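Numbering (my numbering), first residue to last: 6 to 196.
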């Protein structure tokens with residue numbers, strides 16, 4: 006999955022109206038609404054917005070004719086292939102009406118241009134595991150956890166070994182577990 010690495014802004018003028026698109030990575034609808042509150046400009050004619058977070062999505066035309074702002078913005082988000090992001094397009098009216106088609110092209114286009122320019126990053130799904138590692142296999146487990154770039158969490162030592170919480174990329178989970186099993190003759194277990 007890809008998202009933005011940081012906030013980005015793009016602006017353009019269309020028939021004397023100024024469109025300013027601001028985009029940000031967000032992880033929840035609450036973060037998206039916080040971003041909206043932070044970047045909305047009260048003196049602007051409209052502050053239209055859309056977010057896409059996994060299966061969750063919402064948009065607003067903020068007073069523009071229905072379907073001419075928020076829906077095209079959401080469409081641009083979906084076409085971008087990005088996820089976990091919020092966009093706000095602020096419009097300052099320039100005195101020339103754009104019509105429904107012109108508005109849809111302006112709002113969707115502003116988002117598309119903004120996202121094309123914005124710095125992006127790849128996000129890899131993470132999984133959490135709890136490993137039961139007998140004392141005799143601690144050294145081998147540490148080497149493999151380093152090799153697979155596992156992030157260590159809570160460690161609990163017991164009479165027979167270590168109970169260790171780790172987080173790794175989901176795409177390497179099976180490979181790590183197989184390597185741990187091979188290195189310990191099946192004695193390292195995971196939950």
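Glycine included, every Cβ here is placed at the ideal spot set by N, Cα and C.
Keep in mind it's a predicted model, so treat the numbers as computed, not measured.
Would you mind listing the alpha helix (DSSP H) stretches within the segment 68–107 that are 4+ residues and don't spill past its ends, in chain order? As for any alpha helix (DSSP H) of minimum length 4 sitting wholly inside the segment 68–107, the runs are 75–85, ordered along the chain.
Which residues in the same chain as residue 54 place their Cβ atom closer than 6 Å to its Cβ, once the five residues preceding and following it in sequence are excluded? So the list reads 41, 65 and 93, once near-sequence residues are dropped.
Would you say residue 12 and residue 89 are within 7 Å of each other, going by their C-beta atoms? No, these two residues do not count as a Cβ contact at 7 Å.
Examine the ligand SAH and report whether any of its heavy atoms sits within less than 6 Å of the Cβ of residue 190. Looking for the ligand SAH in the displayed structure turns up nothing, as the structure carries no ligands at all.
What three-state label does DSSP hand residue 30 in the structure shown? Three-state DSSP puts residue 30 in a strand.
Taking Cβ to Cβ, would you say residue 20 is nearer than 7 Å to residue 128? Contact: no.
Check this for me: beta carbons of residue 51 and residue 96, under 7 Å apart or not? Yes, these two residues count as a Cβ contact at 7 Å.
Can at least three beta-carbon pairs, one atom from the segment 98–113 and one from the segment 56–76, be found at a separation below 8 Å? Contact between the segment 98–113 and the segment 56–76 is present, because at least three Cβ pairs lie under 8 Å.
Determine the extent of the alpha helix (DSSP H) in which residue 49 is found, giving its start and end residues. No alpha helix (DSSP H) holds residue 49; DSSP gives it neither H nor E.
In whole angstroms, what separates the C-alpha of residue 162 from that of residue 121? Answer to the nearest angstrom: the Cα atoms are 50 Å apart.
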